[in-house]
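Engineer:
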Amino acid sequence: MITLKNVILRRSAKKLLDGATVNLNPGEKVGLVGRNGAGKSSLFALFNGTLHEDGGDFYIPKQWRMAQVAQDMPETEESATDFVVGGDTRLTELRATLAAIEAAYAENPDDADIGMELAHAYTDLADAGEHDAVPRAQALVLGLGFKSHELDEPVNSFSGGWRMRLQLARALMCPSDLLLLDEPTNHLDLDALVWLEAWLQKYAGTMIVISHDREFLDAVTDVTLHIANAQLTRYGGNYSKFEDMRALQMEQQQVAFSKQQDKIAHLQKFIDRFKAKASKAKQAQSRVKALERMERVAPLLAEADFTFEFKEPGNIPNPMLSIDNASFGYEIEGEAPKTILRGVSRSVLAGQRIGILGANGQGKSTLVKTIAREMGALAGQVTEGKGLNIGYFAQQELDVLRPQDNPLEHMVRMARELGSNAKEATGEQALRGYLGSFNFSGDMVKQPVGTMSGGEKARLVLAMMVWQRPNLLLLDEPTNHLDLATREALAVALNEFEGTLMLVSHDRALLRSVCDEFWLVGRGVVTDFDGDLDDYQRYLLDESKRLREEAKVAVREADAVAAAAAAAAAAAPVKSSNTPEQRKQDAQERQQRSEQAKPLKKEIAKIDERMAAASAERSTLEARLAEPLPPAEIADAGKRLKALNDEIAQLEERWLALSDQLEALAA
Ligand SMILES: Nc1ncnc2c1ncn2[C@@H]1O[C@H](COP(=O)(O)OP(=O)(O)OP(=O)(O)O)[C@@H](O)[C@H]1O
Ligand SMILES: [Mg+2]
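Count along the sequence shown from 1, then add 427; that gives the number in the working numbering.
If you want it as structure tokens, here you go:
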């Protein structure tokens, strides 16, 4: 059990927890929620020992193995698979132990003790799951959206977002009693998100997850910890239940508060009236005491909600830009450029609000980045309208911030760089005031950005973008890190924005509320998407199926190559086994191999059975989806279908891995 008793937790001058008392039981799935900067990540730092309580008692079982997602960007030439296998810390330790003992054994092959140790080391390693570590790791990597040909590619060859997915896979790989996940869905698209939900639902240990995503929290948690105003409150329910309970609680508190205010006013009146009268002085006195003793109900602290708006753009060129027969992609040093989208011809007009859709890895960000001039078009033309002023917001923009500098310094520098082009007042006082309107008040304008929370950084980038008065907004996943209230503020501001908007987001609520047309990026081209977001969900399902089929063909091709190689190897001369000892040894080995094959065959049989059941269910579901259904049922059926497809894909993956192992044994 994790126990906090009257815990006080500080970050420099800020008190993040003031007398927090809460228990978390083993096996509970907990959602940790609260506004940006409320102290969620800091609470994780307390749990994992990087931060210590400043008062009260904190207890966490010492023997608990903890898994968490490393926050740094991995830099290594290791393959994606190996990197994720490395997340199994126990396995890594045992491998190191084995290597050491093997070395000792090589020097003293006659030492019986070392021989014993060696035997133990082997069994320990087997117990830790050495035999299927690689397929387990690969199932995680594939589940998180990587393609099968990427499994062996070096970690360094992936972009930032994908490397963070590998960090997540690494954490999931680690056997743990406590799993700490800080906004795990930020780098995920819908596909991977649904996969992660399914994975977490099967996780057996205690899990605490920080997220601003309602649906995700509802799917994976059954307890909610809310952190606000330095208080930590436990609610026995998922996020939706928490919202209901909290609304009720707030209402009750409001009622209690006003009742008490009435009573206080009444007492006070009595005291004021009678304190001068000798005969009543005693009673007045007792009421003064009553007033002093009264435990005050706190007034509702309305959470400092904030709204902002985009300033009216100075001028709006029309068309904003036109793209003429362009190819988009990226250049790799020493290689031919990689084209992702070709033959793109479209124009972006004043006032359009375009949602950019597309399955993961199809080139949405490439398109947006090229328009934002972060990279050049590989061919064709992108012509900008006169006076085009782009406001570009992307995940990696957070890295653009300088950790040592504070928000005010960022604003001052930006104002200076824009020089006479700046349309806003550039005095320090004005900039301070401006930051205040984005909820950076008092001390915070002077806090180094490096120490700010994820959401605070995102809010600063947003503030800097708004200040530049763009007329074309290019937003690539802008809501990551933002809390719900800030997301809503963004949605409102975007709705009132008078310029043109291009938005990439997996936040369906946001897409729905601010976009009125959609482009679809997929299969190497950009097309109009005629349909709503439900059609899009179905499109995604089909698309992931198609990609999976493609991957399977690739795997089969790779297998054919491997089989040919194996055949060639088999054709090579082998040692003949003529001596009796040799024959005996061979027989023993065969026996051993058949023993080893048994569990594999058993698991294969089980998988066959499960696969048949899952496929049958899938057919039924697909048949149902072909009929007209109410939307709620479509959503449920779609979700289930997705889960089934994922499961089947995983089963197939595992089946392939097992039959490979069987084949290897037979060889
Ligand atoms: N080293 C530090 N020095 C000063 N203030 C800090 C430091 N680290 C964090 N803070 C502040 O403490 C507060 C809590 O930060 P924390 O990262 O725990 O928030 P959070 O709840 O995880 O927010 P988010 O939802 O944005 O991730 C923030 O206001 C942050 O600016
Ligand atoms: Mg955080």
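Using N, Cα and C, we set each Cβ at its ideal position, and we do this for glycine too.
Can you tell me which of the three DSSP states Tyr666 falls into?
Structural biologist: DSSP places Tyr666 in helix when its eight states are reduced to three.
Engineer: Taking Cβ positions, are Met838 and Leu862 nearer each other than 8 Å?
Structural biologist: yes
Engineer: Measuring only the C-alpha atoms, how far is Phe585 from Ile817?
Structural biologist: 27 Å
Engineer: Could you tell me which uninterrupted beta strand (DSSP E) segments, each at least 3 residues in length, are contained entirely in the stretch 492-546, listed from first to last along the chain?
Structural biologist: 493-495
Engineer: Expressed to the nearest angstrom, what Euclidean distance is found between the alpha-carbon atoms of Ala821 and Leu718?
Structural biologist: Taking the straight line joining both Cα atoms gives about 55 Å.
Engineer: Comparing alpha-carbon positions, which option in Tyr963, Gly869, Leu805 lies nearest Pro834?
Structural biologist: Gly869
Engineer: Give me, in chain order, the residues of the same chain whose beta-carbon lies closer than 6 Å to that of Gly570; leave out the 5 immediate sequence neighbours on both sides.
Structural biologist: Trp622
Engineer: Could you tell me if Ala464 is buried or exposed, where buried requires 16 or more neighbouring beta carbons within 10 angstroms of its beta carbon?
Structural biologist: As written in the sequence, residue 464 is Gly, which differs from the Ala given in the question. Buried is the call here.
Engineer: Taking DSSP's pairing of strands, which residues face Ala806 in a bridge?
Structural biologist: Beta-bridge analysis with DSSP links Ala806 to Ser754.
Engineer: Using C-beta distances below 8 Å, list every residue in its chain close to Val460, excluding the 5 sequence neighbours before and after it, in chain order.
Structural biologist: Take Val460, set aside five residues on each side of it, and the residues of its chain with a beta-carbon closer than 8 Å to its own are Lys467, Ile637, Ser638, His639, Leu644, Thr651, Leu652, His653, Ile654, Tyr666, Phe669, in chain order.
Engineer: Pull up the distance between the alpha-carbon of Phe701 and that of Val715, whole angstroms please.
Structural biologist: 11 Å
Engineer: Tell me whether Pro581 sits in a helix, a strand or coil according to DSSP, three-state version.
Structural biologist: Pro581: strand per DSSP, three-state reduction.
Engineer: Please state whether the Cβ-Cβ distance between Thr906 and Leu937 is less than 8 Å.
Structural biologist: Closer than 8 Å, so yes.
Engineer: Gly761: buried (16+ other C-beta within 10 angstroms of its C-beta) or exposed?
Structural biologist: exposed
Engineer: Evaluate His933 with the Cβ neighbour count: other Cβ atoms within 10 Å of its Cβ, from every protein chain shown; 16 or more gives buried, anything less gives exposed.
Structural biologist: buried
Engineer: Which runs of the alpha helix (DSSP H) fall wholly inside the stretch 1044-1082 and span at least 4 residues, in chain order?
Structural biologist: none
Engineer: What residue does the alpha helix (DSSP H) around Lys796 start on, and which one ends it?
Structural biologist: 791-798
Engineer: With DSSP as the reference, please indicate the residues paired to Lys432 in a beta bridge.
Structural biologist: DSSP lists Asp484 as the beta-bridge partner residues of Lys432.
Engineer: Sorry if obvious, but does the Cβ on Ile637 come closer than 7 Å to a heavy atom of ligand 2?
Structural biologist: yes
Engineer: Could you tell me whether the Cβ atoms of Leu552 and Ile528 are closer together than 8 Å?
Structural biologist: no
Engineer: Closest to Leu768 by C-alpha separation, out of Gly782, Gly807, Glu801, Gln688, would be which residue?
Structural biologist: For Leu768, the closest of Gly782, Gly807, Glu801, Gln688 by C-alpha to C-alpha distance is Gly807.
Engineer: Compare the beta carbon distance of Gly476 and Ala598 with 8 Å and say whether it is the shorter of the two.
Structural biologist: no
Engineer: With three or more C-beta pairs closer than 8 Å as the rule, is the stretch 891-906 touching the stretch 734-750?
Structural biologist: yes
Engineer: Output the boundary residues of the beta strand (DSSP E) element that contains Glu944.
Structural biologist: 944-949
Engineer: Quick one, which of Val876, Ala711, Val953, Val449 has its alpha-carbon nearest Val795's?
Structural biologist: Val953
Engineer: List the endpoints of the continuous alpha helix (DSSP H) containing Asn922.
Structural biologist: Element bounds for Asn922: 911-923.
Engineer: Compute the distance between the beta-carbons of Met929 and Leu887, then report whether it is under 8 Å.
Structural biologist: In terms of Cβ geometry, Met929 and Leu887 do not form a close pair [threshold 8 Å].
Engineer: Taking C-alpha atoms, which residue in Gly483, Met493, Gly454 lies nearest to Phe471?
Structural biologist: Met493
Engineer: CB Met677 to CB Gly664, shorter than 8 Å?
Structural biologist: no
Engineer: Compute the minimum distance between the beta carbon of Lys686 and the heavy atoms of ligand 2, and state whether it is under 7 Å.
Structural biologist: Answer for Lys686: no, Cβ out of range of ligand 2.
Engineer: Mapping the DSSP letters down to three states, classify Leu718 as helix, strand or coil.
Structural biologist: helix
Engineer: Taking one C-beta from the stretch 530-548 and one from the stretch 479-491 each time, how about it: are there three or more such pairs within less than 8 Å?
Structural biologist: no
Engineer: Go to Val647, then tell me how far its alpha helix (DSSP H) extends in each direction, as first and last residue.
Structural biologist: 641-647
Engineer: So, using beta-carbon positions, are Gly790 and Phe733 closer together than 8 Å?
Structural biologist: no
Engineer: Could you check how far apart the C-beta atoms of Ile798 and Leu748 are, in whole angstroms? I think they sit under 8 Å.
Structural biologist: About 7 Å separates the two Cβ atoms, so the contact holds.
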